[in-house]
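Report on the structure given below.
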Amino acid sequence: MNDRVSGVVRWFNQAKGYGYIDGDDGREVLVRREAIEGATFLTEGLRVTYVAVTGSGELHAEHVHVAERVRLAE
């Protein structure tokens with residue numbers, strides 16, 4: 031299994047069930063509702079941990095856990 035990565039949710043569309051995370055490793059990662067554990071959606075600015083997996087030609091997050099809420103620069 032891959033190592034867990036930390037990042038911050040850039041945006042998440044609740045209606046469509048997906049969004050993107052800016053990983054601390056500098057990579058942009060797709061996140062889908064089904065990958066979130068312990069919650070049903072994410073909000074901008076949440077710090078999360080996840081496992082980054084390459085599938086269908088795109089990097090996506092699995093086993094997503096909310097770590098903490100962070101304030102985004104305005």
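Number 84 in the numbering used here belongs to position 54 of the sequence shown; there are no gaps in the numbering.
Glycine included, C-beta positions come from ideal geometry on N, C-alpha and C.
* Asked: Can you pull the DSSP bridge partners for Phe-42?
  -> Gly-49
* To do: Leaving out five residues on either side along the sequence, give the residues of the same chain with a beta carbon under 8 angstroms from the beta carbon of Glu-67.
  => His-93, Val-94 and His-95
* **Contact under 8 angstroms by Cβ, Val-35 with Gly-53** => yes
* **Inter-residue Cα distance where the pair is Ala-82 and Ala-45** => 23 angstroms
* Every unbroken alpha helix (DSSP H) within the region 70 to 95, with a cutoff of 4 residues, ordered by chain -> none
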